[in-house]
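K.L.:
My questions will all concern the structure given below.
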Amino acid sequence: MSNVDDVKEYLTGLQNRICAELESLDGKARFGSDKWERPGGGGGDSRVLKQGEVFEQAGVGFSHVFGDQMPPSATKNRPELAGKAFQAVGVSLVLHPRNPYIPTTHANFRFFTAGQRKPVWWFGGGFDLTPYYPFLDDVVHWHTVAKAACDPFGDDLYPRYKQWCDEYFFLKHRDETRGVGGLFFDDLNELGFEKSFEFVRTAGDSFLRAYRPIVEKRISHRFGERQRNFQLYRRGRYVEFNLIYDRGTLFGLQSGGRTESILMSLPPMVRWEYDWQPEPGSPEAALYKDFLRPRDWLGQG
């Protein structure tokens, strides 16, 4: 098999495993499968779970797209690849829980190859956590799993990819992070294909180990209208980031991917409020004060 085939086999298996485990965790709803084709080449399988017991909406999408020319979002930092044929294969997911005490989360794992005679390839991806009413022990657990995934591949990987995540998932117009971070990496090829692919598999297999215990711990936490309204308000930040900054959204739209599949990451319900400010000393204020900034979560700094 080619490198693309190897990665594709792993990612379709990862999509299947994540969907099965999320259905088990939800206990009520099931994923629908929407297979689509891209006019320029390739397609994908968008799976969406709606109105579950735990998840108000969950999307887990696989795509394998290819074409004669890289889209602008993919060549912005790699201008030497402009005009090259490409293949891109990836899994991307966003989970929007019903309970405001369970964080929203996102994960993405992808592989690009460009050019034909001497192809250039790289991996990218990661996972991040966006709580509304955060608990420090949840955040520490999340980053502990992230660090454990990185450590076998070098002591520098976790601090590098953790910082990259903090910097990437940052809303400049709000001067705040989208959440409490995790891992983000791109242009990964310096380890060689086999080692880079091993790292991506390790990170991909770590996602549910990081997220599921948080869901199980917070699933029965009682909430009311105040918490629900704040959750919907903060979901607006998620929309703002995805539509203004997210490179994956831009790549999907510019490469002619299926619009509904690209935008399935957006929450089913959201609200904005003009110049809203949390009450001083409130749980909502604690999110802004203590969590929406880069921190050394494992050192508690």
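First residue of the sequence shown? That's -6 in my numbering, and the numbers climb one at a time after it.
Note that beta-carbon positions come from the ideal geometry of N, C-alpha and C, so glycine has one too.
Identify the residues that DSSP records as bridge partners of residue 115: which are they?
P.N.:
Counting from one through the sequence shown, the residue named residue 115 turns up at place 122. Paired residue(s): 105.
K.L.:
Give me the DSSP bridge partner(s) of residue 59.
P.N.:
Here residue 59 is taken as the residue at index 66 of the sequence shown, counted from 1. Its beta-bridge partners are 80.
K.L.:
What residues match up with residue 188 in a beta bridge as DSSP calls it?
P.N.:
In the sequence shown, counting from the first residue as 1, residue 188 sits at position 195. BP columns for residue 188 are empty, so no partner.
K.L.:
DSSP puts residue 97 in a beta bridge; with which residues?
P.N.:
Here the question's residue 97 lines up with position 104 in the sequence shown. Paired residue(s): 123.
K.L.:
Count the other C-beta atoms from every protein chain shown that fall within 10 angstroms of the C-beta of residue 109, then say buried if there are 16 or more, exposed otherwise.
P.N.:
As a position in the sequence shown, residue 109 is number 116, starting the count at 1. It is exposed - the Cβ of residue 109 has fewer than 16 other Cβ atoms within 10 Å.
K.L.:
Determine the extent of the alpha helix (DSSP H) in which residue 2 is found, giving its start and end residues.
P.N.:
As a position in the sequence shown, residue 2 is number 9, starting the count at 1. -4 to 19 is the extent of the alpha helix (DSSP H) around residue 2.
K.L.:
Thinking C-alpha only, which one of 92, 150, 117 is nearest residue 85?
P.N.:
Sequence index remark: in the sequence shown, residue 85 carries index 92 (1-based). Closest option to residue 85, Cα to Cα, is 117.
K.L.:
What is the DSSP secondary structure of residue 234, counted as helix, strand or coil?
P.N.:
Within the sequence shown, residue 234 is the residue found at index 241, counting from 1. DSSP places residue 234 in helix when its eight states are reduced to three.
K.L.:
Considering only the beta carbon of each residue, do residue 106 and residue -4 sit closer than 8 angstroms?
P.N.:
For the purposes of this step, residue 106 is taken as the residue at position 113 of the sequence shown. For the purposes of this step, residue -4 is taken as the residue at position 3 of the sequence shown. Yes.
K.L.:
Starting from residue 29, follow its DSSP beta bridges and name the residues at the other end.
P.N.:
By 1-based counting over the sequence shown, the position of residue 29 is 36. DSSP output for residue 29 lists 37 as bridge partner(s).
K.L.:
Please list, in chain order, all residues of the same chain as residue 58 whose beta carbon is under 7 angstroms from its beta carbon, the five residues on each side excluded.
P.N.:
As a first step, residue 58 is located in the sequence shown; it is residue number 65 there, counting from the start. Cβ neighbours of residue 58 beyond the five flanking positions: 31, 34, 35, 81, 248, 250.
K.L.:
Which whole-angstrom value is the C-beta distance of residue 83 and residue 103, which I expect to be below 8 angstroms?
P.N.:
Taking the sequence shown and counting its residues from 1, one reaches residue 83 at position 90. Taking the sequence shown and counting its residues from 1, one reaches residue 103 at position 110. Contact flag correct, Cβ pair sits at about 3 angstroms.
K.L.:
Between which two residues does the alpha helix (DSSP H) harbouring residue 244 extend?
P.N.:
In the sequence shown, counting from the first residue as 1, residue 244 sits at position 251. Residue 244 -> alpha helix (DSSP H) spans 240 to 247.
K.L.:
Pull up the distance between the alpha-carbon of residue 198 and that of residue 207, whole angstroms please.
P.N.:
Walking along the sequence shown from the start, residue 198 turns up at place 205. Walking along the sequence shown from the start, residue 207 turns up at place 214. Straight-line Cα distance between these residues: approximately 16 angstroms.
K.L.:
Buried or exposed, going by whether 16 or more other CB atoms sit within 10 Å of the CB of residue 98?
P.N.:
By 1-based counting over the sequence shown, the position of residue 98 is 105. Under this definition residue 98 is a buried residue.
K.L.:
Which one or two residues does DSSP pair with residue 170 in a beta bridge?
P.N.:
Counted from its first residue, the sequence shown places residue 170 at position 177. Answer is 163, bridged to residue 170.
K.L.:
From the DSSP output, which residues share a beta bridge with residue 50?
P.N.:
As a first step, residue 50 must be located in the sequence shown, where it is residue number 57. Residue 50 is bridged to 43, 89.
K.L.:
Which residue or residues does DSSP assign as beta-bridge partners of residue 178?
P.N.:
Here residue 178 corresponds to residue number 185 of the sequence shown, with the count starting at 1. Answer is 118, bridged to residue 178.
K.L.:
Could you compute how far the alpha carbon of residue 171 sits from the alpha carbon of residue 163?
P.N.:
By 1-based counting over the sequence shown, the position of residue 171 is 178. By 1-based counting over the sequence shown, the position of residue 163 is 170. Near 6 angstroms, if we compare the C-alpha coordinates of residue 163 and residue 171.
K.L.:
Quick check: the Cα distance between residue 1 and residue 239, rounded to an integer number of angstroms?
P.N.:
Stepping through the sequence shown from its first residue, residue 1 is reached at position 8. Stepping through the sequence shown from its first residue, residue 239 is reached at position 246. Their backbone Cα atoms lie some 23 angstroms apart in a straight line.
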